[in-house]
Structure formats: structure tokens, C-alpha cells
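A quick write-up on the structure given underneath.
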Amino acid sequence: MSDTTTPYYDPYDFDIDADPYPVWRRLRNEAPLYYNEKYDFYALTRFEDVERVSLEWQTYISGKGSVLELIKSGLVMPPGNILFEDPPSHDLHRGLLARVFTPRRMAAIEPQVREFCARSLDPLVGSGGFDFVRDIGAQMPMRTIGMLLGIPEDHQEAIRDQIDEGMRIAEGAMPDRDDGYAVTMGSGFEEYIDWRVDHPSDDLMTELINAELEEPDGTRRKLTREEVLSYVGLIAAAGNETTTRLIGWTGKVLAENPEQRAELVADPSLVPNAIEELLRYEAPSPIQARYVTRDVEHHGTTVPEGSVMCIITASANRDERRFEEPDRFDIHRKIDHHLTFGFGIHFCLGAALARLEGRVALDEVLKRFPTWEVDWDNAERAHTTTVRGWERLPVLTS
Amino acid sequence: MPGWRVVVDFDLCESNAVCAGLAPEVFEVRDDDFLYLLDEQPPDALRERVQDAVRQCPKQAISIEET
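In order, the protein sequence lines correspond to chains A and B. According to this note's numbering, the first sequence is numbered sequentially starting from 744. According to this note's numbering, the second sequence is numbered sequentially starting from 1492.
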């Protein structure tokens, strides 16, 4: 039976968001360049297209925002938020952070990350169940990024909740971002930054306060307070929300694949590839947006300068042209590379940290809880425009 | 004799170490967290794996130059 209707994709429709894969498959096959009239945006869904657009930063820029409603709002992006910048300022600003999140540096904090997991999970042993998101997904990444930044533990939760609140959206409409979302990203951190200026420590915030930035003309200067705030806000937001969702997906997908979960319990050396497959299979940040700076052609249609192009990375990860049986979850799958962390100049700076956190969380869960079932009556989705996943994923353990 | 050479753009490199995993004979990320090119003109037997590294480098910092 073939579906003769035109496929429709709407990033603000919660019903579509619940399982967007069938509509993305139709877009890949029937409308590889998709145009949405309601919100006036184009979308690419095939791996090859998404990867190419990710590399062509001169044509598909981030400087007007990288979220659909942000670009549409026409707001001027504040400086220092590398997600919303293009070269040369992007490269200068990113350069300051590039050496902070390397795989080696992240490997060095593994013992602390493990301890954060243990602290969250140990009290739950024998309790009959726990929540993958509330009890670990929202805890460990917050403590890890808080530790790296130097935020006191008793303030971490309030800051994380404020960030989550700022990202939340209502059903069925493009959110109005005149509320200053982009501008206030760093709020909540002012007092720590001002305090750290006088009380330097061995943390990222101190490093940023002291960092010297080289301007395009070669002059060197320290970061402004606004720039430090912007960096800190970005790191806190990016470091919390996405990994929280990854850990939620881990709980859901492995509950649906109990044989593979048992394999992981029997052989923990399979965990890193399982995380890679989870990243491919359920990308926590499935859709990115770019502003198009010149007329371009895709699949025989011209996309005019000034358009918004959405690149659906989570669809690219399920592209049957690239992955065999893409809708099958397989912890043994050999993955050349997926696009969950993006590709090119904006490649996720925190990729090594996310992989570490995902791996350690799964390791520590399996050690204590080899089996679980999702308590669907009490599970709840998260609804934000940039991140897809679970707000609550309670599970029952025997 | 025609050959090939590995070129790394160190301004782009962020030590993601994808290349070091694919072709450890050619790429190494050392204790200082910087990438070192161990063999600029590797044997042809390694070409395929170096090409994997070129393709998979998320920052697209590696290229092959025909000499």
C-alpha cells in the first residue's frame, strides 16, 4: 500500500516528534529537499546532503542562529556563543575552548564521573526502580559540567533548571524568542564570575577569565565579562541538556532490546560501541538550522538566498543509503561515522565528554541493575526545539 | 616515483583523535594533547586507513597530497 499524500514535517508538532522516523524516511525518499510552507523553511534529510551542508559554512551560516525560530526572530546573536557564530570570530572563540574538552583531558576525569554515577545510583539499589532521567541523566552531567566550571554543588540544580525552563516550548507553534533566550543564556552565573575574578581556582571559569583572545588584526585582549558569561552559559546548557537525553534514550532503547542488554552485562567491553550506536539511533539534538547566504540548488530546485535550511541529522543517521537496516538497533554495528555531533567547523566540542558520560553511566547502571522495564504510565517526554528525548523515564527493576 | 603525502592543518586540528584510532602508525595524540604526524609518507598499505581518517576527521583537518 502506498501513501499518496505529500509528506509533512513540523518540528513543533508533538505527535510527529513522538516518532519522526517514518516521516523522515518519506522525506528522504519522496522529498529529499523538503519545503515547509507553514513556517517557511527548507529541510535536507539524507546523510550525503546533511554532511555536505555541514561542511559548507560559507553558504550555510550560523551567525543568525542555528535554531529555526531563532533565525526567524531576526535577533542579533550575542558575541562569544560559538553555536551562533561564523569564521573568523567563531574560530577565535572556539580556539579558547578547543583544548579543554580533548579525549585525553576527558579521560582524566573519568574517576570523578564514575563517582557522580555511584552517588546517584547507590541509594537506589534495592528500591525496586529508578528514573533514568531524573535520578542519573539529570544528575551526573550537571555535576560533571559543574565541576569543570567550578560551580558550587548546591547551586548546580537551580542553574540547570533555569536552563531547561528557557528551552522548553509549547505545543504546535513556533516559540516567540523575543523573550531574550539567546541573550540571557549566561544569566545565573554572574555572581560566580565576579567572585572567581577575586578568587581564582583550578577550573574552566578561571581559565576563561584569564584567557587572552587574539583579534583578527592580531591584537590580544582579555574576554569581556559578557563574553565569559556567554561561554559559561553555553557550556552549562550544552553540557547538561544533551547528555541528559542520551542517558534517557539509553534506558528506553536497552529496555526494548533485552538480549543486547544482556550481552552488555556479560561483556562490558561492548559498551563504547553500544553508546556510539545509541548516538546514531536516537540523536538527542536531531535538527539544526542554517541561514542560506546565496542561491543554491538541491535536487533540481533552487533554494533562494535568505532562506532557512534545516539539516535533520537524526534522519541522516537513519539513511538507508548509508546504513544497512538503519532502523535496527545493533550494538555490534560498525559505524564509520554518524552525524549526531554534527560535522565540520561546528563539530560538537563536547563529543569526547558526552561519549565518556554515556559510557560510564551505562557501565554503572548495568553493574547495579542488569535488567529493567520502563514504567510507561509515568514516562514523560521533554519538549524543546533543539533536543528530543525524555523528561522522565522511570523504570522498574526486579 | 609518484607517491602521496599526509597533510594536517594544525590550525583546524582539535585532537579529537579519530585518526589516531584508525591509523595509529601515522597519527598519535601525545601526553601534551597535541597530534603528531608519525609518518608523513606512509606505505601504500596504509593508504586506505589514512583515507578513512581523512573522511572521518570531524574538523576535516587531514588531507592527502599526491606527490
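For every residue, glycine included, the Cβ atom is placed at its ideal position computed from N, Cα and C.
Beta bridge counterpart(s) of residue i as assigned by DSSP
| i | result |
| --- | --- |
| residue 1554 of chain B | B:1498 |
| residue 1126 of chain A | A:1131 |
| residue 779 of chain A | A:784 |
| residue 1054 of chain A | A:787 and A:1031 |
| residue 907 of chain A | Residue 907 of chain A is not bridged to any residue. |
| residue 803 of chain A | A:1035 |
| residue 1142 of chain A | Look at the range of chain A in this structure, 744 to 1141, and you will see that residue 1142 of chain A is not part of it. |
| residue 1528 of chain B | B:1518 |
| residue 872 of chain A | A:1139 |
| residue 1040 of chain A | A:1045 |
| residue 1116 of chain A | A:1139 |
Spatially closest choice to residue i from the options, by CA coordinates
| i | options | result |
| --- | --- | --- |
| residue 1060 of chain A | A:755, A:939, A:793 and A:800 | A:793 |
| residue 877 of chain A | A:857, A:1125, A:976 and A:1141 | A:1125 |
| residue 832 of chain A | A:1030, A:780, A:860 and A:956 | A:956 |
| residue 940 of chain A | A:972, A:1032 and A:1022 | A:972 |
| residue 958 of chain A | A:809, A:1106, A:763 and A:835 | A:835 |
| residue 753 of chain A | A:765, A:769 and A:782 | A:782 |
| residue 875 of chain A | A:999, A:1050 and A:995 | A:995 |
| residue 905 of chain A | A:1090, A:976 and A:1093 | A:976 |
| residue 711 of chain A | A:889, A:1089 and A:1071 | Chain A is shown from 744 up to 1141; residue 711 of chain A falls before or after that span and cannot be answered. |
| residue 826 of chain A | A:1141, A:1073 and A:1031 | A:1031 |
| residue 1134 of chain A | A:1088, A:1021 and A:1122 | A:1122 |
| residue 1018 of chain A | A:1074, A:1108, A:849 and A:870 | A:1074 |
| residue 841 of chain A | B:1554, B:1550 and B:1556 | B:1550 |
| residue 1527 of chain B | B:1539, B:1506, B:1555 and B:1493 | B:1506 |
CB contact below 8 Å: residue i versus chain B
| i | result |
| --- | --- |
| residue 1015 of chain A | no |
| residue 1094 of chain A | yes |
| residue 922 of chain A | A caution first: residue 922 of chain A carries a pLDDT of 47, below 50, which makes its placement in the model unreliable, though a value can still be read off. Cβ-Cβ to chain B under 8 Å: no for residue 922 of chain A. |
| residue 986 of chain A | no |
| residue 963 of chain A | no |
| residue 1080 of chain A | yes |
| residue 1090 of chain A | yes |
| residue 845 of chain A | yes |
| residue 977 of chain A | no |
| residue 848 of chain A | yes |
| residue 1033 of chain A | no |
| residue 982 of chain A | no |
| residue 851 of chain A | no |
| residue 1087 of chain A | yes |
| residue 1022 of chain A | no |
| residue 842 of chain A | yes |
| residue 798 of chain A | yes |
| residue 1084 of chain A | yes |
| residue 744 of chain A | For residue 744 of chain A, the predicted structure reports a pLDDT of 49, less than 50, and the residue's modelled location is therefore unreliable. The matter cannot be settled from this model. |
| residue 1141 of chain A | no |
Inter-residue Cα distance where the pair is residue i and residue j
| i | j | result |
| --- | --- | --- |
| residue 978 of chain A | residue 844 of chain A | 11 Å |
| residue 981 of chain A | residue 1536 of chain B | 41 Å |
| residue 838 of chain A | residue 1054 of chain A | 25 Å |
| residue 1082 of chain A | residue 1056 of chain A | 6 Å |
| residue 867 of chain A | residue 873 of chain A | 7 Å |
| residue 903 of chain A | residue 986 of chain A | 13 Å |
| residue 1004 of chain A | residue 990 of chain A | 14 Å |
| residue 760 of chain A | residue 943 of chain A | 44 Å |
| residue 1027 of chain A | residue 1558 of chain B | 43 Å |
| residue 1502 of chain B | residue 999 of chain A | 44 Å |
| residue 830 of chain A | residue 1533 of chain B | 33 Å |
Closer than 7 Å: residue i CB and nearest the ligand MG heavy atom
| i | result |
| --- | --- |
| residue 791 of chain A | You won't find the ligand MG in this model; it holds no ligand whatsoever. |
Minimum Cβ-Cβ distance from residue i to chain A less than 8 Å
| i | result |
| --- | --- |
| residue 1551 of chain B | yes |
| residue 1506 of chain B | yes |
| residue 1532 of chain B | no |
| residue 1520 of chain B | yes |
| residue 1524 of chain B | yes |
| residue 1547 of chain B | yes |
| residue 1501 of chain B | no |
Any 3 or more C-beta pairs closer than 8 Å across the stretch 997-1012 of chain A and the stretch 1092-1099 of chain A: Three or more beta-carbon pairs separated by less than 8 Å are not found between the stretch 997-1012 of chain A and the stretch 1092-1099 of chain A, which leaves the two stretches without contact.
Three CB pairs or more closer than 8 Å across the stretch 1042-1057 of chain A and the stretch 785-800 of chain A: Result yes; three or more Cβ-Cβ pairs closer than 8 Å.
Three CB pairs or more closer than 8 Å across the stretch 1062-1072 of chain A and the stretch 1512-1519 of chain B: These segments do not touch.
Cβ pair count under 8 Å reaching 3, the stretch 941-961 of chain A against the stretch 886-902 of chain A: Short answer: they touch.
At least three beta-carbon pairs within less than 8 Å, the stretch 895-904 of chain A to the stretch 1110-1126 of chain A: Because the criterion of three Cβ pairs below 8 Å is not met, the stretch 895-904 of chain A and the stretch 1110-1126 of chain A do not touch.
contact_flag[the stretch 808-815 of chain A, the stretch 959-977 of chain A] where n(CB pairs < 8 Å) is 3 or more: They do not touch, by the three-pair rule.
Contact between the stretch 1493-1500 of chain B and the stretch 1535-1555 of chain B (3+ Cβ pairs under 8 Å): Segments in contact, yes.
Three CB pairs or more closer than 8 Å across the stretch 857-867 of chain A and the stretch 1126-1138 of chain A: Look at the beta carbons and you see the stretch 857-867 of chain A not touching the stretch 1126-1138 of chain A: under three pairs across the two are nearer than 8 Å.
The stretch 1064-1078 of chain A contacting the stretch 796-803 of chain A, beta-carbon criterion three pairs below 8 Å: They do not touch, by the three-pair rule.
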